[in-house]
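Take a look at the structure below.
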Ligand code: ZN
């Protein structure tokens, strides 16, 4: 069929085609952020010049950061492929387990070692990037709320949780593929389906709380009104939380999560105007220190300018939730889950054919055919054109769902509040509202602000 070289260089070439295409799209958007210095006419009613300039500079800085991190990652992937880092680390993993008296027949053990090495490597090499992004880029534009100890703890927690989840899952998956016989792809898919359901089930109760603090939304006007909204559309609301997102950043959001009986609504504390967390909890030293720091910051800021109000009022939050509940009422969550499972099934089916092709392993410098390597090469590299196309379709689908959810909020007569909430959120998050059509088409899972406002106006 294809030779080793043909496979290898096609994968490499495709990687670069995608890179150049994405860089081209970004450069189109960057051009707008550089040249459109005044609030466009159609946005004058919703956005002041000062906020527009701030958003423009933030967007430019993010774009520059994206440019450099893009080049770095592109060169890194190219070097990993061309220098044969994958077979090298695979053999290294074999030697490491050899030290403990296991030979290369212990493929699962060798695979786990291989994954551990790559997880450590990527945690370490991504550190300068995430440090810069958090403490320079986000800091400069007033979004970062993390302290360095918080950041370090967070990074270590992420690594440990990632290991605790991925190592047993990958081990079992390899085992199933190895003993599954001709129809292993059905069992492998069934296993991954079970894993997805398991993670969805435990995520909100056991994983997310490791990273952020969730508290039940206290009784009061907001809670009563949210419950009434949920009841009016038969949403079985059992869990309503506020997440202390302000510990991380000033960005705000709200989301709906879960299936069946496990549904919950989560509001970022930064979304709620004048939100103060329930009092009466013991403070440890670190917390007090942080509080002090915050106070200091506020003091210095207030000398320059009065503190601006951020977040949404009750009616606007309800409109945002009406949109989120629209995603539930219109079955978007279930549909997305179904699509991702169908995709997983197709991928495993094609993998079942391709994984027998020795030439694919040889193309990437492997003399043997370890299952993990097959999964990595085929899912990540061989499928990449398919993933690009699927990603494009999914982003169109996602925008369609957003419009639908907006219309749902509209059917609940919350258009006016939703529009003002979207404008406020866009301001608070410094979204740059001028978008290049081609860039936006390939990158925005949510339609640009102006399009959403216009769409809601249309059938008024
Ligand atoms: Zn939405």
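Numbering (our numbering), first residue to last: 17 to 476. Every residue, glycine too, gets a C-beta built ideally from N, C-alpha and C.
Quiz item: For the candidate residues 370, 330 and 59, whose alpha-carbon lies nearest to that of residue 433?
Solution: Position 417 of the chain shown, counted from the first residue, corresponds to residue 433. Of 370, 330 and 59, the smallest CA-CA separation from residue 433 is found for 330.
Quiz prompt | Check: residue 343 C-beta below 7 Å from any heavy atom of ligand 1 | solution = As a first step, residue 343 must be located in the chain shown, where it is residue number 327. Yes, the beta carbon of residue 343 sits closer than 7 Å to at least one heavy atom of ligand 1.
Quiz item: Going by the CB atoms, is the gap between residue 268 and residue 154 shorter than 8 Å?
Solution: Numbered from its first residue, the chain shown carries residue 154 at position 138. Numbered from its first residue, the chain shown carries residue 268 at position 252. With contacts defined by Cβ atoms closer than 8 Å, residue 154 and residue 268 do not form a contacting pair.
Quiz item: Around the Cβ of residue 302, are there at least 16 other Cβ atoms within 10 angstroms (buried) or fewer (exposed)?
Solution: Taking the first residue of the chain shown as 1, we reach residue 302 at position 286. For residue 302, the predicted model reports a pLDDT of 40, less than 50, meaning its position is unreliable and no value from the coordinates is stated.
Quiz prompt | beta-carbon residue 418 near ligand 1 non-hydrogen atom, thresh 7 Å | solution = What you label residue 418 is simply residue 402 of the chain shown in a count that begins at 1. It does: the Cβ of residue 418 is within 7 Å (strictly closer) of some heavy atom of ligand 1.
Quiz item: With burial defined as no fewer than 16 other Cβ atoms inside 10 Å of the residue's Cβ, what is the status of residue 342: buried or exposed?
Solution: The sequence position of residue 342 within the chain shown is 326, counting from 1. Counting C-beta atoms within 10 angstroms of its own C-beta, residue 342 has 16 or more neighbours from the protein chains shown and is therefore classed as buried.
Self-check item: Alpha carbon of residue 456 to alpha carbon of residue 446, nearest angstrom
Solution: Start at 1 with the first residue of the chain shown, and residue 456 comes out as number 440. Start at 1 with the first residue of the chain shown, and residue 446 comes out as number 430. Taking the straight line from one Cα to the other gives about 17 Å.
Quiz prompt | Closest Cα partner of residue 290 within the set 328, 430 and 257 | solution = Taking the first residue of the chain shown as 1, we reach residue 290 at position 274. Looking at the Cα atoms, 328 is the closest of the given residues.
Self-check item: 6 Å CB neighbourhood of residue 442 in its chain, flanking five on each side removed
Solution: Taking the chain shown and counting its residues from 1, the one referred to as residue 442 is at position 426. 465, listed in sequence order.
Self-check item: Member of 460, 370 and 271 whose CA lies at the smallest distance from the CA of residue 220
Solution: Numbered from 1 along the chain shown, position 204 holds the residue referred to as residue 220. The shortest C-alpha separation from residue 220 is found at 271.
Practice problem: Give the DSSP-derived three-state secondary structure of residue 450 in the structure shown. | Solution: Taking the chain shown and counting its residues from 1, one reaches residue 450 at position 434. Three-state result, residue 450: coil.
Quiz item: Going by DSSP, which residues form a beta bridge with residue 47?
Solution: On the chain shown, residue 47 is found 31 positions in, with the first residue counted as 1. Bridge partners of residue 47: none, in fact.
Quiz item: In angstroms, rounded to a whole number, what distance separates the CA positions of residue 435 and residue 468?
Solution: Within the chain shown, the letter at position 419 stands for residue 435. Within the chain shown, the letter at position 452 stands for residue 468. Here the alpha carbon of residue 435 sits roughly 8 Å from the alpha carbon of residue 468.
Self-check item: Residue closest to residue 58, alpha-carbon to alpha-carbon, out of 450, 474 and 458
Solution: Your numbering for residue 58 matches position 42 in the chain shown. It is 450 whose Cα lies nearest to the Cα of residue 58.
Practice problem: Give the single residue among 375, 140 and 286 whose Cα lies nearest to the Cα of residue 398. | Solution: In the chain shown, the residue the question calls residue 398 occupies position 382. With distances taken between Cα atoms, residue 398 lies closest to 375.
Quiz item: Is it true that the segment 110 to 130 meets the segment 210 to 226, where meeting means three or more beta-carbon pairs spaced less than 8 Å apart?
Solution: By the criterion of at least three beta-carbon pairs nearer than 8 Å, the segment 110 to 130 is not in contact with the segment 210 to 226.
Practice problem: Answer with yes or no whether the minimum CB distance from residue 137 to chain D is below 8 Å. | Solution: Absence of chain D from the displayed structure is noted, only one protein chain being present.
Self-check item: Beta-bridge partners of residue 191, as assigned by DSSP
Solution: Position 175 of the chain shown, counting from 1, holds the residue named residue 191. Answer is none; residue 191 lacks a bridge partner.
Quiz item: For the beta strand (DSSP E) that contains residue 81, what are its first and last residues?
Solution: Residue mapping note: residue 81 aligns to position 65 of the chain shown, counting from 1. Secondary structure note for residue 81: it is in no beta strand (DSSP E), and the uninterrupted alpha helix (DSSP H) holding it is 65 to 98.
Practice problem: Would you check if the segment 424 to 431 and the segment 28 to 40 touch, i.e. whether three or more CB-CB distances between them fall below 8 Å? | Solution: Too few Cβ pairs lie closer than 8 Å, so no.
Quiz item: By Cβ distance, which residues of its chain are closer than 8 Å to residue 294, with the 5 residues on each side in sequence left out?
Solution: The count along the chain shown starts at 1 and reaches residue 294 at position 278. Closer than 8 Å at Cβ, skipping near neighbours: 231 and 234.
Exercise. Express the C-alpha separation of residue 97 and residue 206 in angstroms, rounding to a whole number.
Key: As a first step, residue 206 must be located in the chain shown, where it is residue number 190. As a first step, residue 97 must be located in the chain shown, where it is residue number 81. Their Cα atoms are separated by approximately 31 Å.
Quiz item: So, using beta-carbon positions, are residue 245 and residue 338 closer together than 8 Å?
Solution: As a working note, residue 245 is residue 229 in the chain shown. As a working note, residue 338 is residue 322 in the chain shown. Their beta carbons are under 8 Å apart, which means residue 245 touches residue 338 by this criterion.
Self-check item: Minimum C-alpha distance to residue 99 - residue among 392, 379 and 459
Solution: The residue given as residue 99 occupies position 83 in the chain shown. That would be 379, whose Cα lies nearest to the Cα of residue 99.
Quiz item: With distances taken from CA atoms, which of 43, 440 and 426 is nearest residue 471?
Solution: In the chain shown, counting from the first residue as 1, residue 471 sits at position 455. Of the candidates 43, 440 and 426, the residue whose Cα lies closest to the Cα of residue 471 is 426.
Exercise. Output the residue ranges of the alpha helix (DSSP H) runs that lie fully inside the segment 219 to 273 and measure 4 residues or longer, sorted by chain position.
Key: Along the length of the segment 219 to 273, whole alpha helix (DSSP H) runs at least 4 residues long occupy 224 to 227 and 237 to 248, reported in chain order.
Quiz item: Between residue 38 and residue 81, which are expected to be in contact by the criterion C-beta below 8 Å, what is the C-beta distance as a whole number of angstroms?
Solution: Taking the first residue of the chain shown as position 1, residue 38 is located at position 22. Taking the first residue of the chain shown as position 1, residue 81 is located at position 65. Not a contact, Cβ separation roughly 15 Å.
Quiz item: So is the beta-carbon of residue 403 under 7 Å away from any non-hydrogen atom of ligand 1?
Solution: Numbered from its first residue, the chain shown carries residue 403 at position 387. Outside the cutoff, so no.
Practice problem: Confirm, please, whether the CB-CB distance from residue 131 to residue 76 is below 8 Å. | Solution: Working through the chain shown from its first residue, we reach residue 76 at position 60. Working through the chain shown from its first residue, we reach residue 131 at position 115. Cβ atoms of residue 76 and residue 131: not closer than 8 Å.
Quiz item: Heavy atom of ligand 1 less than 7 Å from the Cβ of residue 339, yes or no?
Solution: Stepping through the chain shown from its first residue, residue 339 is reached at position 323. Under cutoff, so the answer is yes.
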